[in-house]
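I have placed the structure first, in the form of structure tokens, so that the comments after it can refer back to it.
2 protein chains.
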Amino acid sequence: MPSSQPDRSNAKSDVEGLALLAELSAVIIAASVDGPQVLVRAGAPADTLPAGPLQSGHRTLEAGLRAWVSQQTDLHLGYVEQLYTFGDADRIDMPVRSGRALSIAYLALVRALRASARSTARWQNIYTYLPWEDWREGRPAALDGIEAYLKAWAAESPAQAGILRDRRAALAFGLGSDSWSDELVLDRYELLYETGFVREARRDGEPPPPCPVVDHPMGLDHRRILATALGRLRAKIKYRPVIFELMPENFTLLDLQRTVEGLSGVKLHKQNFRRLVETQGLVEETGEVQTETGGRPARLVRFRREVLLERPSPGLRLSSTKRPSN
Amino acid sequence: MPSSQPDRSNAKSDVEGLALLAELSAVIIAASVDGPQVLVRAGAPADTLPAGPLQSGHRTLEAGLRAWVSQQTDLHLGYVEQLYTFGDADRIDMPVRSGRALSIAYLALVRALRASARSTARWQNIYTYLPWEDWREGRPAALDGIEAYLKAWAAESPAQAGILRDRRAALAFGLGSDSWSDELVLDRYELLYETGFVREARRDGEPPPPCPVVDHPMGLDHRRILATALGRLRAKIKYRPVIFELMPENFTLLDLQRTVEGLSGVKLHKQNFRRLVETQGLVEETGEVQTETGGRPARLVRFRREVLLERPSPGLRLSSTKRPSN
DNA sequence: CCGCTAATACTCAAATTGAGTATATTAGGA
DNA sequence: TCCTAATATACTCAATTTGAGTATTAGCGG
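Heads up: the sequence lines are chains A and B, in that order.
Note that the working numbering numbers the first sequence so that position 306 is 306, with each residue one more than the last.
With positions in the second sequence counted from 1, the corresponding number in the working numbering is that position plus 1000.
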């Protein structure tokens, strides 16, 4: 078994497998009043995530990512986390001569939307690319087409296998009596890919989806990367206070709630959300109030950094509500 | 901003950064009566995780991993999941000529310990390398040295900074009034690395740790990879039924409990564990019983695969117990 | 000062959890 | 045969946590 242990007599010959290129891709997310935004290079025929090559000057992968992002944009990356490394031989439509390209994807959170003067990249609502993920205004319209499509897909298979397909679809998308699970972003994407619903799953010549949705094309496997990022973030805000990486210094509890709702794609019960935030000790008073609320003024609070030294995993174990009465 | 979007006029020049080698490392875990075991290449001066190079024949990264594992051992990998990609320029003590080596680490679970006839690798108890992680028999002895060491480290810093260090240590290791958190494996390892406690953190010439622990050396960053794997697995069994990837077809509830306890490193309350397993519908009767229990015979059960089609994230949201009275 | 809107406070039943006690069923020896 | 040790399994119960409300407060625009 080859390894890279100290006495690697034959390491060199073992290891030299293949010419490689490594690309650092970034899913850079910011919050806005309409919900989470992602930085993309808008282009034809498809939008792509910003990416840069790993270079020899980069001491670490994360440093490399930060380096080219700050070189190319005027964004300051706050929280950065590695997402996944994609390396399927057929993921790239520009195969390197006798080699392959790896894509090491990162999730990064920034505090505010800023014009990226030095780049052609721009902000897009995340749900532009994953329209079925946004349940804030109730069941998303995109689901109608998807449900029909998946039903047909299940019906293609006989008996047992068909039921299985049906169950898979129902679980992932919360169809029928199953409930929607905000974290299953990647499962949903993969089901749509596997069934040929998303356009990037179709090779040239394959038929278009029978029931079209708003389908903003993304290059290569970038929609998959985006889905990975959203799923990871939705899960993470439940046990780590990363949500505050998206908030300004001071904010109201409703601001916070809206940001969380935007990310997780569901509406929350206001009173319970507040109870949660308070009992978890996630925020502290600033003493100021915000008067432009449209109603009673709201206290301005800020992230209470001390929680990080108090409990091991402070977060928002949130629970949505079917029909928020407030 | 460079990208690999379809109209990549300048893609080639942008992307060619650096000569790369990609290595696929595997943390292969199996259960045993003594607790979880990991497959290592035992060697001097340090043990290493098995690893193999990514080759051009590998369609996907995971396929590559499976390929060389089945080539080199007679193990059948069940569950496989990507862990993390390590690529610090200084992680490797054998830098590739003007390039660097990436290590893409995977977690793999196998159902039984089997002699790996074709390889020199062998099974080792995971806690050989992370002795402070096993609380099944109460507070691990290794923690005494660690606590003293970290206290000294905190005392090095003046006032405010010292208190911060103290809090960090207490949170990570459950010192003082803080409670132990089984999932913080990586945080703990990183603290030990940062403070120079683990030997791989010390460059040549640096002094040995003032208070020695059982410190089985591991090569390169392999202990970090192992810690990543253990932390991930401990988290995952709580919301995905991956534990059954380690169990034989039929088992008793106590077998299951012992396996979970081994992985998570804590004792569980027996009755509550059973209630959890039953209410979650994770197992079903086989009709058989196991009589060699030492007491009343135990029912033999098996994993109930249907749960996967019933609920989105079935797992063992387990809660330990301070002092198990049974 | 009315009525709108949103903030904040308080309530309450249902579900979940942590920690037991109680009973059942084997094997092995007195 | 009967007692004991050892484990399996069943059932209990109080404390918390959660989901979903109702009630009250405080600015704003007229």
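Backbone N, C-alpha and C define an ideal beta-carbon position, used for all residues, glycine too.
- Task: Compare the beta carbon distance of Leu1049(B) and His1222(B) with 7 Å and say whether it is the shorter of the two.
- Result: Position 49 of the second sequence, counting from 1, holds the residue named residue 1049(B). Position 222 of the second sequence, counting from 1, holds the residue named residue 1222(B). The Cβ atoms of Leu1049(B) and His1222(B) lie closer than 7 Å to each other.
- Message: In the DSSP assignment, the alpha helix (DSSP H) including Phe273(A) goes from what residue to what residue?
- Response: Translated into the one-based positions of the first sequence, residue 273(A) becomes position 273. Taken as a continuous stretch (DSSP letters only), the alpha helix (DSSP H) holding Phe273(A) covers 270–279.
- Query: Below 7 Å between beta carbons: does that hold for Leu336(A) and Ile104(A)?
  - Reply: This structure cannot speak to residue 336(A), because chain A is shown only from 1 to 326.
- Start and end residues, beta strand (DSSP E) containing Thr1085(B): As a position in the second sequence, residue 1085(B) is number 85, starting the count at 1. First-last of the beta strand (DSSP E) with Thr1085(B): 1080–1086.
- Message: Using beta carbons (cut-off 7 Å, strictly below), is Thr1279(B) in contact with chain A?
- Response: Numbered from its first residue, the second sequence carries residue 1279(B) at position 279. Residue-level contact by beta carbon fails for Thr1279(B) and chain A, as no gap is shorter than 7 Å.
- Task: Return the chain-ordered list of same chain residues with a C-beta closer than 7 Å to the C-beta of Glu249(A), the five sequence neighbours on each side being excluded.
- Result: One-based indexing of the first sequence puts residue 249(A) at position 249. Beyond the five residues adjoining it in sequence on each side, Glu249(A) comes within less than 7 Å, by CB distance, of Arg302 in the same chain, given in chain order.
- Would Ile104(A) count as contacting chain B if we go by Cβ distances under 7 Å? Here residue 104(A) refers to the residue found at position 104 of the first sequence. For Ile104(A), the closest Cβ of chain B is nearer than 7 Å.
- Item | Distance CB(Asp1178(B))-CB(Ala1169(B)) smaller than 7 Å | For the purposes of this step, residue 1178(B) is identified with residue 178 of the second sequence, where counting begins at 1. For the purposes of this step, residue 1169(B) is identified with residue 169 of the second sequence, where counting begins at 1. No; because the gap between Cβ atoms is not below 7 Å, this pair is not in contact.
- Among Thr286(A), Arg188(A), Val260(A), the one whose alpha carbon lies nearest that of Arg274(A): For the purposes of this step, residue 274(A) is identified with residue 274 of the first sequence, where counting begins at 1. Closest option to Arg274(A), Cα to Cα, is Val260(A).
- Ser1157(B) versus Asp1166(B): straight-line alpha-carbon distance, rounded: The sequence position of residue 1157(B) within the second sequence is 157, counting from 1. The sequence position of residue 1166(B) within the second sequence is 166, counting from 1. Answer to the nearest angstrom: the Cα atoms are 10 Å apart.
- What is the DSSP secondary structure of Glu1200(B), counted as helix, strand or coil? Mapped onto the second sequence, residue 1200(B) falls at position 200. It is helical.
- Message: Taking the beta carbon of Ile1163(B) as the centre, do at least 16 other beta carbons fall within 10 Å, making it buried, or is it exposed?
- Response: Position 163 of the second sequence, counted from the start, is the residue given in the question as residue 1163(B). Under a 10 Å Cβ-count criterion, Ile1163(B) is classified as exposed, with fewer than 16 other Cβ atoms of the shown protein chains found around its own Cβ.
- Query: In this structure, what does DSSP give as the bridge partners for Arg317(A)?
  - Reply: Indexing the first sequence from 1 puts residue 317(A) at position 317. In the DSSP output, where bridge partners are listed per residue, Arg317(A) has none listed.
- Nearest neighbour of Leu338(A), chosen from Arg234(A), Thr85(A), Glu278(A), Glu133(A) [CA to CA]: The requested residue 338(A) does not occur in the structure, where chain A is confined to residues 1 to 326.
- Through-space distance from Ala89(A) to His1058(B), alpha-carbon basis: On the second sequence, residue 1058(B) is found 58 positions in, with the first residue counted as 1. On the first sequence, residue 89(A) is found 89 positions in, with the first residue counted as 1. Between His1058(B) and Ala89(A), the C-alpha separation is close to 7 Å.
- Query: Which residue or residues does DSSP assign as beta-bridge partners of Phe303(A)?
  - Reply: The count along the first sequence starts at 1 and reaches residue 303(A) at position 303. Bridge partners of Phe303(A): Val283(A).
- Could you check the C-alpha separation between Ala1159(B) and Pro312(A) for me, to the nearest Å? In the second sequence, the residue the question calls residue 1159(B) occupies position 159. In the first sequence, the residue the question calls residue 312(A) occupies position 312. Between the alpha carbons of Ala1159(B) and Pro312(A) lies a gap of roughly 23 Å.
- Message: Buried or exposed for Ser1056(B), going by 16 or more other Cβ atoms inside 10 Å?
- Response: The sequence position of residue 1056(B) within the second sequence is 56, counting from 1. Ser1056(B) sits exposed, since fewer than 16 C-beta atoms from the chains shown fall within 10 Å of its C-beta.
- Query: With C-beta atoms as the reference, is Glu1190(B) less than 7 Å away from Arg1234(B)?
  - Reply: Walking along the second sequence from the start, residue 1190(B) turns up at place 190. Walking along the second sequence from the start, residue 1234(B) turns up at place 234. In this structure, Glu1190(B) lies away from Arg1234(B), with their beta-carbon atoms at least 7 Å apart.
- Task: Determine the DSSP secondary structure at His1106(B), reduced to helix, strand or coil.
- Result: Taking the first residue of the second sequence as 1, we reach residue 1106(B) at position 106. The amino acid at residue 1106(B) is misidentified as His; the sequence shows Tyr. Tyr1106(B): strand per DSSP, three-state reduction.
- Task: Give me the Cα-Cα distance between Arg203(A) and Arg1305(B), rounded to the nearest whole angstrom.
- Result: On the first sequence, residue 203(A) is found 203 positions in, with the first residue counted as 1. On the second sequence, residue 1305(B) is found 305 positions in, with the first residue counted as 1. Using only the alpha carbons, I get a separation of about 34 Å.
- Could you give the distance in angstroms between the alpha-carbon of Ala1063(B) and the alpha-carbon of Leu1263(B)? Within the second sequence, the letter at position 63 stands for residue 1063(B). Within the second sequence, the letter at position 263 stands for residue 1263(B). Their Cα atoms are separated by approximately 26 Å.
- Query: In three-state terms, what does DSSP make of Gln1055(B)?
  - Reply: As a first step, residue 1055(B) must be located in the second sequence, where it is residue number 55. Gln1055(B) falls in the coil class under three-state DSSP.
- Between the Cα of Gly219(A) and those of Arg199(A), Leu230(A), Lys238(A), Thr73(A), spot the shortest distance and give me the residue it belongs to. Position 219 of the first sequence holds residue 219(A). Per the C-alpha coordinates, the member of Arg199(A), Leu230(A), Lys238(A), Thr73(A) positioned closest to Gly219(A) is Arg199(A).
- Query: Are Leu39(A) and Ala121(A) closer than 7 Å when you measure CB to CB?
  - Reply: For the purposes of this step, residue 39(A) is identified with residue 39 of the first sequence, where counting begins at 1. For the purposes of this step, residue 121(A) is identified with residue 121 of the first sequence, where counting begins at 1. Here Leu39(A) is near Ala121(A), since their CB atoms are less than 7 Å apart.
- Task: Please report how far the alpha carbon of Leu143(A) lies from the alpha carbon of Leu1230(B), in whole angstroms.
- Result: Position 143 of the first sequence, counted from the start, is the residue given in the question as residue 143(A). Position 230 of the second sequence, counted from the start, is the residue given in the question as residue 1230(B). The C-alpha of Leu143(A) lies about 38 Å from the C-alpha of Leu1230(B).
- Task: Please check if any C-beta of chain A sits within less than 7 Å of the C-beta of Thr1291(B).
- Result: For the purposes of this step, residue 1291(B) is taken as the residue at position 291 of the second sequence. Not flagged as an interface residue toward chain A: Thr1291(B), since no C-beta distance is shorter than 7 Å.
- Task: Mind checking who Asp47(A) pairs with in its DSSP beta bridge?
- Result: Translated into positions along the first sequence, residue 47(A) becomes position 47. In DSSP, Asp47(A) forms a bridge with Met218(A).
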